[in-house]
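Working notes for the structure below.
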Amino acid sequence: MRNYQVTAVRRCLAPRGNPMDVKEAIEARRAYRSLDPITITRELIDDLAHCAQLSASCNNNQPWRFVFVYDPTMLRKMHEALSKGNEWIHDASMIIAVVSKKEYDCIIKGRHYYQFDCGMATAFLILRATELGLVAHPIAGYNPEKTREILGIPNDLEVITLVNVGKHAHDIHPVLTEKQRATEVKRPERFPLEKFVFLNQYPKE
Ligand SMILES: Cc1cc2nc3c(=O)[nH]c(=O)nc-3n(C[C@H](O)[C@H](O)[C@H](O)COP(=O)(O)O)c2cc1C
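Counted the way the working numbering counts, the sequence shown spans residues 39 to 243.
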């Protein structure tokens, strides 16, 4: 990657003292489930939000809304909304609810873009958290009604994901299943490129 001179843009440092480039952050990101606590500051929240804010969106509609939950009482309440198997989140220092609805973004001939745009913005936030040496683990295993009730989110908004933030712990969390324990050590396998990369034309069935 070309080494651009960064002047106006502040670059923060990765844990070992060097800035991460995008590819390094992509490779370092993992959905770890063993978390140590971190201190949540307004500066961290604004930093993550700023990175999400710069994401692209259809017609610049910016359909994302984020509820950053870090108050210990609110975090405890949020634990009631988690599905079985997600008890490891009890050790997260912050849960970020990503919220939107289709009317906030382009609908083009039946194509709804709000989830795509929220996904991109959330990916930026997650990569920034990774660059800062944090774990930011998105989940789908929660009760959306309960989440809305706890956080006061209006019924017409969808809770698209909860991103769980902490620091990667050295020791594996005791509540993890065998399968979850294995993924703490080794990244789950990915499809080979041949399965999803097609050149010039979609393959015939
Ligand atoms: C939309 C979505 C939903 C997920 N839901 C859960 C979940 O409910 N619980 C969980 O522990 N991990 C969840 N994950 C994490 C995935 O299991 C994880 O990203 C995947 O196994 C690949 O591992 P890696 O991200 O460490 O490479 C979710 C990830 C995504 C993107």
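Glycine included, every Cβ here is placed at the ideal spot set by N, Cα and C.
Please read all numbers here as calculations on a predicted model, not as lab measurements.
Going by beta carbon distance, what residues of the same chain come within less than 6 Å of residue i, once the five residues before and after it are set aside?
i: Ala174; result: Ile164, Ala167, Val201, Val203
i: Leu120; result: Ile127, Tyr180
i: Asp143; result: Cys96, Asn99, Pro101, Tyr151, Tyr152, Asp155
i: Pro230; result: none
Would you say residue i touches ligand 1, meaning its beta carbon is less than 7 Å from a heavy atom?
i: Thr77; result: no
i: Thr199; result: yes
i: Gly204; result: no
i: Ala69; result: yes
i: Ile177; result: yes
i: Ser121; result: yes
i: Arg225; result: yes
i: Thr221; result: yes
Measure the C-alpha to C-alpha separation of residue i and residue j and round it to an integer number of angstroms.
i: Arg68; j: Lys224; result: 10 Å
i: Lys217; j: Glu65; result: 21 Å
i: Cys50; j: Lys242; result: Unreliable placement is indicated for Cys50, whose pLDDT of 49 sits below 50; the coordinate value is still reported in the next sentence. Roughly 47 Å separates the two Cα atoms.
i: Ala159; j: Leu237; result: 28 Å
i: Ile146; j: Phe106; result: 31 Å
i: Pro176; j: Phe234; result: 23 Å
Taking DSSP as the reference, what is the three-state secondary structure of residue i?
i: Ile78; result: coil
i: His117; result: helix
i: Gly179; result: coil
i: Phe236; result: coil
i: Leu231; result: helix
i: Ile191; result: coil
Excluding the 5 residues preceding and the 5 following residue i in the sequence, name in chain order all residues of the same chain whose CB lies nearer than 7 Å to its CB.
i: Ser131; result: Pro75, Ile76, Ile78, Tyr108, Val203, Gly204
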